[in-house]
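Have a look at the structure below, then the notes.
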Amino acid sequence: MDTTTQLSGVIQTSVEERSVEKLNTFLLSTPDTSEVLNSKTLVYFYKLIKKDAKHEVKCLHVSCVLSCLQHFLDSDIDISIWEHLADKVSILCGLLFLISATLINNNSLVDRSINIAMHMIQSSQILADSMLRKMLELLLQTVSAVMYSNNSQLLTLVLISSLLQKSTRETRRKTLPSVSIYMTKLSNNLLVCGDYETQVSMVEILARCWTFIKEDCPGALFTNCPSILQHFNSYTFLNFDPECRLFLNQVNSSLEDRQLVYSVPGLVVIVDGTSLKKPLDPLYKEFWLDFNTSTRSISFYYMVSREENWEMMSIEEKHVLYVTARNSFCKSKEGEVIPAVKMEITMKVDPTKPNLPKAFKIYPRKTCEFANAEKNFISKIFKEKYKSEVSYSDLPLEGTGTQLPIPHPKFDETAVTIPDTSVAANPVVDQLPEKSDSEESDLIGPSPAFELRASEKKSVVETKTSHQLDVSDSSQDSRGFDTFADYVKGLKTPTDVVNDDISDGNNMLGQSVTVESCKSKEEDLNKTGNSCMKKECKNYNSGSKEEFFGIVTPKK
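Position one of the sequence shown corresponds to residue 1 (full-length UniProt numbering), numbered consecutively onward.
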């Protein structure tokens, strides 16, 4: 009995017993895991997860396949074996993601499928090229169907960015023009996703792809608001994070009553008594605080030291006990007293999350912009948890340039001193070389590799790194960062399955999955098309010919 037959018997037993314990025992007891990873095993996996089954059983099928793939990756199988099976592995990963995100709608399985794909992308450029060809359209279809921000959407955006980073320029040149319609939907969704970090990931993908599609489709982006495309084209995004900040601040503030992300300049942020530093960059002039109505959170970037990458911290409403706001002042190094709003955020005590900060003190500048934003984020983010005693009588009237005199702090109110964020007198900015001939990556300068995310839930404190973009591509490098922890649950995209028939042997009929686009009261975006399976023949083993399916877009 060959190893594939043994593995299939163990998986069947695991499914019947509703437990993967026997499967894990079998995998750990297999002396040579490389013997199990072969073309026949991958075809078996494909047929298993495509099999019509009840929801619980289908979840077990997918979970078993993911467990096997994760074990293969952990076993340090020679990369040449993976590369030999690159197209089949890519198709299998694409189908695992599709079923997890739409048919099953299970966040945990989506996370696992993305982490496995991410691991493979980091391991080999051949795998990255194959996955870009086989998976990109499927990923874009799924992510552009969701118009609100959630954890699975953000993870998918990170995976797409990693695919674009690790694949060769030639593969991108051949692949990207065919997906311009999904870039249109993605750019329109940027206006309604309601979360700054998700917007950053969207802009990153658009910046990476725009070079390859703008010649044939110069008006493909932001079709719901063409004027935004002019702003987008005015940026090079070479120094991505600061330029992206400027671009998104312009875009969000221009939406007026449709605005879902409110970015206001801050003066001081104190977490459990520790004052955080503003990111050090000549273009990043303010300590920006982002109030995200979709994820109901406050997020901001900060630096620990000049040697460290930027990090991102998020305060989610569900972890907040209450928020109080009142008039306050901050004092600069020069002694200038600056009016501010003191927001004291008391967090819930959660024994399961010991690293969760207990209290935040945030001091936004008290401006007309903040006064307008406060009216919106109170009702949309914190609701009854927010108590405000802020008076704006000392602000200038609309249309006037005069401001009432700033009163001195009262005896019972101490002005907070703005910390010195200038880590160095003359900050050094990474310089871009004139050109790069590397085919491994279009990135210039230091670029930490993606850190694979663990499948378990993360703390409210999440981190992110910032890098630079390649001049030739005008595309940003992927940042190794942990995304927001507990977003809105699930990719809520209803699905219908048709023609899910399985015949004997390796010949199987195609599967068509319709992903319904979620409705949004802000924008009525186009729905995504169907994705379907198309059979393609590959000769993977000498002397034997096997049939496998490819994931392709149906004819328009």
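We treat Cβ as the ideally placed atom computed from N, Cα and C, and that holds for glycine.
Checklist entry - What distance in whole Å lies between the Cβ atoms of residue 144 and residue 82, which are believed to be in contact at a cut-off of 8 Å? => result Contact doesn't hold; Cβ gap of about 29 Å is too wide.
Item to check | 6 Å CB neighbourhood of residue 488 in its chain, flanking five on each side removed | outcome: Model confidence at residue 488 stands at a pLDDT of 23, short of 50, so the residue's coordinates are unreliable; what they give is reported in the following sentence. These residues qualify, in order along the chain: 150.
Item to check | Chain-order list of residues whose beta-carbon lies under 7 Å from that of residue 184 (same chain, five-residue window excluded) | outcome: 220, 221 and 223
Checklist entry - Would DSSP call residue 127 helix, strand or coil? => result helix
Next on the checklist: I'd like the list of long-range same chain contacts for residue 187, defined as Cβ closer than 7 Å, with 5 residues on each side in sequence excluded.
Outcome noted: 206, 221 and 222
Item to check | CB-CB length for residue 363 against residue 340, believed under 8 Å | outcome: 4 Å
Item to check | Close-in-space but distant-in-sequence residues of the same chain around residue 127 (CB under 8 Å, 5 per side omitted) | outcome: 82, 83, 86, 89, 90, 120 and 121
Checklist entry - Three or more C-beta pairs closer than 8 Å, one from the segment 250-265 and one from the segment 364-376: is that the case here? => result yes
Checklist entry - Roughly how many whole angstroms lie between the Cα atoms of residue 80 and residue 68? => result 18 Å
Checklist entry - What did DSSP end up calling residue 86 once you bin it into helix, strand or coil? => result helix
Item to check | N- and C-terminal bounds of the alpha helix (DSSP H) containing residue 5 | outcome: 3-16
Checklist entry - Under three-state DSSP, which class holds residue 260? => result coil
Next on the checklist: Measuring straight from C-alpha to C-alpha, what distance separates residue 37 and residue 72?
Outcome noted: 7 Å
Item to check | Pick from 43, 302, 327 and 271 that is closest to residue 285, judged by C-alpha positions | outcome: 302
Checklist entry - Taking DSSP as the reference, what is the three-state secondary structure of residue 518? => result Below a pLDDT of 50, predicted positions are generally treated as unreliable, and residue 518, at 35, falls in that range; the measurement from the model is reported next regardless. Coil.
Item to check | Alpha-carbon to alpha-carbon, residue 273 and residue 97 | outcome: 42 Å
Checklist entry - Where DSSP assigns a beta bridge to residue 270, which residues make up the other side? => result 275 and 361
Checklist entry - Does DSSP put residue 325 in a helix, a strand or coil? => result strand
Checklist entry - Is residue 358 near the ligand GTP, in the sense that its beta carbon is under 7 Å from a heavy atom of that ligand? => result This structure lacks the ligand GTP, and indeed carries no ligand of any kind.
Next on the checklist: Just to confirm, is the Cβ distance from residue 159 to residue 139 under 8 Å?
Outcome noted: yes
Item to check | Selected residue, minimal CA-CA separation from residue 316, among 346, 176 and 335 | outcome: 346
Checklist entry - Okay, do the segment 56-63 and the segment 6-23 touch, 3+ Cβ pairs below 8 Å being the bar? => result yes
Item to check | residue 191 vs residue 280 beta-carbon contact at 8 Å | outcome: no
Checklist entry - Among residues of its own chain, excluding the 5 on either side of residue 14, which ones have a beta-carbon nearer than 8 Å to its beta-carbon? => result 20, 21, 22, 23, 60 and 64
Checklist entry - If you run the structure through DSSP and keep just helix, strand and coil, what is residue 565? => result With the chain covering 1 to 556 only, the question about residue 565 has no answer from this structure.
Item to check | Start and end residues, alpha helix (DSSP H) containing residue 73 | outcome: 55-74
Next on the checklist: Buried or exposed for residue 12, going by 16 or more other Cβ atoms inside 10 Å?
Outcome noted: exposed
Next on the checklist: Buried or exposed for residue 106, going by 16 or more other Cβ atoms inside 10 Å?
Outcome noted: buried
Checklist entry - Whose CA, out of 194, 328 and 27, lies closest to the CA of residue 257? => result 194
Checklist entry - Applying the criterion that 16 or more other CB atoms from any shown protein chain within 10 Å of the CB defines a buried residue, is residue 305 buried or exposed? => result exposed
Checklist entry - Which first and last residues belong to the beta strand (DSSP E) in which residue 315 is found? => result 311-316
Checklist entry - What do you get for residue 355, buried or exposed, if any count of 16 or more other CB atoms within 10 angstroms of its CB means buried? => result exposed
Item to check | DSSP beta-bridge partners of residue 290 | outcome: 263 and 299
Next on the checklist: Can you find the residues in the same chain that come closer than 8 Å, C-beta to C-beta, to residue 326, ignoring five residues on each side of it along the sequence?
Outcome noted: 341, 342, 388, 389 and 390
Checklist entry - According to the neighbour-count rule (16 or more other Cβ atoms, all chains shown, within 10 Å of its Cβ), is residue 9 buried or exposed? => result exposed
Item to check | Uninterrupted alpha helix (DSSP H) stretches inside the segment 128-195 (no shorter than 4 residues) | outcome: 151-166, 169-175 and 180-189
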